[in-house]
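Each protein sequence line maps, in turn, to chains A and B.
Following full-length UniProt numbering, the numbering of the first sequence begins with 1 at its first residue and continues without gaps.
Following full-length UniProt numbering, the numbering of the second sequence begins with 1 at its first residue and continues without gaps.
Idealized CB from N, CA, C, for every residue including glycine.
Below is one structure; the comments refer to it alone.
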Amino acid sequence: MVMAEGATVVRRNRPGTTAKYIQQNIRSDCSNIEKIMEPPEGQDEGVWKYEHLRQFCLELNGLAVKLQTECHPDTCTQMTATEQWIFLCAAHKTPKECPAIDYTRHTLDGAACLLNSNKYFPSRVSIKESSVAKLGSVCRRIYRIFSHAYFHHRQIFDTYENETFLCHRFTRFVMKYNLMSKDNLIVPILEEEEEEEEEGGQNPSTGESEA
Amino acid sequence: MLDLFGILGGGNGPAMDEHAGPGVFFNNNNSSSSSSPLLQAGGRGAAADSDGGEAGRAQYSIPGILHFLQHEWARFEVERAQWEVERAELQAQVAFLHGERKGQENLKKDLVRRIKMLEYALKQERAKYHKLKYGTELNLGEMKAPSFDSEEANEKETSGSLNNQLSWKQGRQLLRQYLQEVGYTDTILDVKSQRVKALLGLAGDGTGDRSGQEPLLNGTDTAPKGLSDSSSVLEAFFIESAAAEFSDEDDEEDSEGKEKTIVDSRTVSDDPDAEEALKDFDFLSNTEDMDTSPESRSAGDGTDWEKDRQAWDVDQGLITKLKEQYRKERKGKKGVKIEAITFPPSSGKAFIIGTEEAMETGELGLGELAGLTVANEADNLAYDISNNKDALRKTWNPKFTLRSHFDGIRGLAFHPVEPVLITASEDHTLKMWNLQKTTPAKKNASLDVEPIYTFRAHRGAVLCVVMSNTGEQCYSGGLDGTIQCWNTPSPNIDPYDSYQPSVLRGALCGHTDAVWGLVHSSAHQRLLSCSADGTVRLWNASNPQAALAVFNENKDLGLPSSVDLVCSDPAYMVTSFNNGRIGLFNMETRQQVLNMESTVESGNINKVLSHPTLPITITAQEDRHIKFYDNNTGKLIHSMVAHLDAVTSLAVDPNGLYLMSGSHDCSIRLWNLENKTCIQEFTAHRKKFDESIHDVAFHPSKCYIASAGADSLAKVFV
């Protein structure tokens, strides 16, 4: 694997190189978030963020597939996480109150369109400054899928998280590059990590304090 | 003037011999002076009449003479002025004609240049085709580039745009070239072309002159330079007709008419150049008579001429027939096929060699030889025409780019009737695209399309996708070993519509490893899949349940890499294995029927395809070859090096005429299945780590072809 990574770094300039690099790291150890997050030398930060976001969207498909079985429009009529906010789907001309499963699908499809659009991201080798802001909004909407799954389909979330560590990685990613404000990170990932580190820590403060 | 003379002549005054008196001017009375002035005018003192004599003796008064002289001078001056004017006019005319002539010469030069460039381009193309076909370089006699290299690029571009006109010229060039290769010299060409003109009634001059009005004279004088002139004369002729063709952009029908008019006008005109040129032609034919041609025609001209005439008749007939077809093609009648004129299936090259041999033996009379070359010419001409026609009819250009997948696209399937495409990608999804719903793209020439539906159900990369013959269902196989059955949503749905769980019909489980190939049989509503677990399974497509049949469960044939139904016989299916084997199976008896003659060294076979109408199986090999096998005998019919890297995918057009192959060398090639030659090649998709194109497909009813790339793009060409 080390040799392969060296080879990929050498061919950095070609489009798709970064994606392959990230995918290789994930495949080797998906729990080693640090390693996956660490950009290789000289990697353009914009491209790094972009490629990671593409990878997140790709992997979220798996979660969406699982959700499709359980998340029905009759049970989850709106996209919510906690009681406070109802999230409106931005994929329509006027923001619409889509059922959760529709929101999930539309958000992922919309993200695919945006991230692949020639208008905002014409090249995979360099990212336009004006488009970097779009990454933030995509992250925000994607995160809601995590939060809905966590609060309403806990089992699915847990299973998937154990397989892929996706939400952990996503949270770390978003915090590292300041793509979202911390207030929005309502899935209690970090506290859980602290708990684990403290070996079943005494203060089970969950993230309910954050709205 | 006469009055003056009258006045002069009126010699009432004193008879002065040489000096005109002062009063002479004013003497008007003399009526008889009418006759005298002539005499007076004639000369001094020459008197025939008494009157004249009297008049002769009449005074030459100095003033009279002076006046006479003055008037004469004035007259001369006037005339001179007139002459000057005329001369100036004529000079202007001469200069104008000079200029015109220069212009014509320049035009001629340009056209010659163009011809040379086209020749060169044609030679290049032939070399390229030959290289593709035989994998070796074609050794043409002279392949020197024309000296106008800088313009060549432009010429090639313009030749593309003027394809319609120039293709016919290319054909003629090719004709000429083949004749030269055979051994015909320009002299014979000249003679023949002149005779053709005579036959067609284009040149009214040729027939009479051939009887040889000035044979010996011209012959002896200009025989040495005759041959060299012939080429220029030929060029002149050719250029005339080329100019004629050039000048009418739209109507090819008129080109012949124009040729006629040009040649006729030439014969009629008093242009000395034209006449000279025609004279050159005459003695050329006469030198033929005198047997100076290297072809050593027999002295018995009559019979040979006859034969030639016949041969040329045939040729001409063939050419006009082809011309007609070509014109019909241009008018867009798609039904016209060249099959009306049957051509030998072997390549035209063989014919050239054949005729050369005949030439060497020298036994065949020229008529027969001409007959051979007629077939040759016709073959090559038609070949080129068919190529050109096909190229004219269908040069595929990229039209749509389908961007939305996050990872490489592995499989493609077109809807049978709608302009709808489904792509299967390594990002675990399939996406459905409506080619009529494009987003306005600003930068690219090709339009961007956004998907109208995303199919989510696979837990790993989706490797293959097929649609049912009605387009209402589609099936996809993935890395997770499942085959998902879907109800195809309507092409007009809103991309951001509510989720319909009914789209997913169910999964066919049974395979334990990745499903690499899928094929749907409309006849039996069956689905056939091959997997990395070594088995090929048969499923009932209408009812997702356990597999109906399993083949090769013990993996003794290897791991199947691709599977296809035999179109000519739906009870059979053909499977290729990763060890290079190809097996034909009877699905009803569940037995292997035939093992195709394939070697193990050929490596992995990426795709196997059954021809829609013929009992032929086509395979795409990892070793860059495309191979053709006969279904009945299992023998290898044909093998060709098709690409520079592994050939990954194949598709046949719905009529069974063209084969499309995609390869990891980033190119897609279109092949004519009849002569197994490459018609078109286009580069599509970037290479993403040694992989480039995974799949190609034809639309069953519309004019679309699509390619699936490892760069997560799908491209559609029209």
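Could you please give the first and the last residue of the uninterrupted alpha helix (DSSP H) stretch that includes residue i?
i: Trp486/B; result: Counting along the chain, Trp486/B falls outside any alpha helix (DSSP H), though it belongs to the beta strand (DSSP E) covering Ile483 to Asn487.
i: residue 212/A; result: It is not possible to answer for residue 212/A, since the shown part of chain A is limited to 1 through 211.
i: Ser130/A; result: Glu129 to His152
i: Glu72/B; result: Ile62 to Tyr134
i: Ile452/B; result: Note, Ile452/B: premise wrong, no alpha helix (DSSP H); beta strand (DSSP E) at Leu447 to Arg456.
i: Phe170/A; result: Leu166 to Lys176
i: Lys702/B; result: Counting along the chain, Lys702/B falls outside any alpha helix (DSSP H), and DSSP gives it neither H nor E.
i: Met37/A; result: Ile33 to Met37
Check the Cβ of residue i against every Cβ in chain A and list those closer than 7 Å, keeping chain order.
i: Asp407/B; result: Leu58
i: Ser404/B; result: Ala112, Cys113 and Asn116
What residue range is occupied by the uninterrupted beta strand (DSSP E) comprising residue i?
i: Met573/B; result: Tyr572 to Phe577
i: Ala706/B; result: Ile705 to Gly709
i: Gly411/B; result: Ile409 to Phe414
i: Ser531/B; result: Arg526 to Ser531
i: Gly506/B; result: Leu504 to Leu508
i: Lys431/B; result: Thr429 to Thr439
i: Phe717/B; result: Leu713 to Phe717
i: His520/B; result: Val515 to Ser521
i: Met660/B; result: Tyr658 to Ser663
i: Val566/B; result: Unbroken run through Val566/B: none, as it is neither H nor E.
i: Glu681/B; result: Thr677 to Thr683
For residue i, which residues in chain A fall below 9 Å Cβ to Cβ?
i: His428/B; result: Leu58, Glu59, Asn61, Gly62 and Val65
i: Ser707/B; result: Chain A residues near Ser707/B: none, gap ~17 Å exceeds 9 Å.
Decide if residue i is buried, meaning its Cβ has at least 16 other Cβ atoms within 10 Å, or exposed.
i: Lys169/B; result: buried
i: Cys57/A; result: buried
i: Val10/A; result: Annotation note: pLDDT 42 at Val10/A (below 50); position unreliable, coordinate value reported separately. It counts as exposed.
i: Leu97/B; result: exposed
i: Ser490/B; result: exposed
i: Cys98/A; result: buried
i: Ala522/B; result: Note on residue identity: the sequence assigns Ser, not Ala, to residue 522/B. Exposed, by the Cβ-count rule.
i: residue 734/B; result: The shown model of chain B, from 1 to 718, leaves out residue 734/B, and the question about it has no answer.
i: Gly517/B; result: buried
i: Ser476/B; result: buried
i: His92/A; result: exposed
i: Cys703/B; result: exposed
i: Thr599/B; result: exposed
i: Glu253/B; result: With a pLDDT of 43 at Glu253/B, under the threshold of 50, the modelled position of this residue cannot be trusted; read the value that follows with caution. The residue is exposed, with fewer than 16 neighbouring Cβ atoms inside 10 Å.
i: Tyr177/A; result: buried
i: Leu670/B; result: buried
List the residues of chain B that residue i touches, going by C-beta distances under 9 Å, in chain order.
i: Gln68/A; result: Arg456, Ala457, Tyr499, Pro501 and Leu504
i: Asp102/A; result: Tyr496, Asp497, Ser498 and Tyr499
Residues of chain B with CB closer than 7 Å to the CB of residue i, please, in chain order.
i: His106/A; result: Tyr496
i: Lys20/A; result: Phe689
i: Arg54/A; result: Phe406
i: His92/A; result: Tyr496
i: Asp158/A; result: Going along chain B, no residue has its Cβ under 7 Å from Asp158/A, so there is no contact; the nearest lies around 17 Å.
Quick one: list the residues of chain A neighbouring residue i, beta-carbon separation under 8 Å, in chain order.
i: Asp448/B; result: Ser117 and Asn118
For residue i, return the contacting residues in chain B, with the cut-off set at a CB-CB distance below 8 Å.
i: Asp74/A; result: Going along chain B, no residue has its Cβ under 8 Å from Asp74/A, so there is no contact; the nearest lies around 11 Å.
i: Arg141/A; result: By Cβ distance, chain B contributes nothing, its closest Cβ being about 13 Å from Arg141/A, past 8 Å.
i: Asp29/A; result: By Cβ distance, chain B contributes nothing, its closest Cβ being about 18 Å from Asp29/A, past 8 Å.
Please specify which runs of the alpha helix (DSSP H), each continuous and at least 4 residues long, are wholly inside the region 609-653 of chain B, giving them in chain order.
-> none
Is there contact here, the region 66-85 of chain A with the region 33-51 of chain A, by at least three beta-carbon pairs under 8 Å?
-> no
Does the count of Cβ pairs from the region 155-162 of chain A and the region 116-128 of chain A closer than 8 Å reach three?
-> no
May I ask you to verify whether the region 648-660 of chain B touches the region 696-703 of chain B, counting CB pairs closer than 8 Å and requiring at least 3?
-> yes
Validate contact between the region 562-573 of chain B and the region 524-538 of chain B using beta carbons, cut 8 Å, 3 pairs = Three or more Cβ pairs closer than 8 Å define a contact, and the region 562-573 of chain B meets that threshold against the region 524-538 of chain B.
So, do the region 105-113 of chain A and the region 131-151 of chain A have three or more beta carbon pairs nearer to each other than 8 Å?
-> Counting Cβ pairs under 8 Å, three or more are found: they touch.
On the three-pair Cβ rule with 8 Å, is the region 652-667 of chain B touching the region 615-628 of chain B?
-> yes
In chain order, each alpha helix (DSSP H) run of at least 4 residues that lies wholly inside the region 51-77 of chain A | none
Could you give the uninterrupted runs of the beta strand (DSSP E) lying entirely in the region 93-120 of chain A, keeping only those of 3 residues or more?
-> none
Is the region 29-40 of chain A touching the region 133-142 of chain A, taking contact as three or more C-beta pairs under 8 Å?
-> no
So does the region 460-468 of chain B actually touch the region 504-516 of chain B, counting three or more Cβ pairs closer than 8 Å?
-> yes
Any chance the region 539-548 of chain B sits against the region 565-577 of chain B, with 3 or more Cβ pairs inside 8 Å?
-> no
Three or more beta-carbon pairs under 8 Å between the region 483-501 of chain B and the region 410-428 of chain B, yes or no?
-> yes
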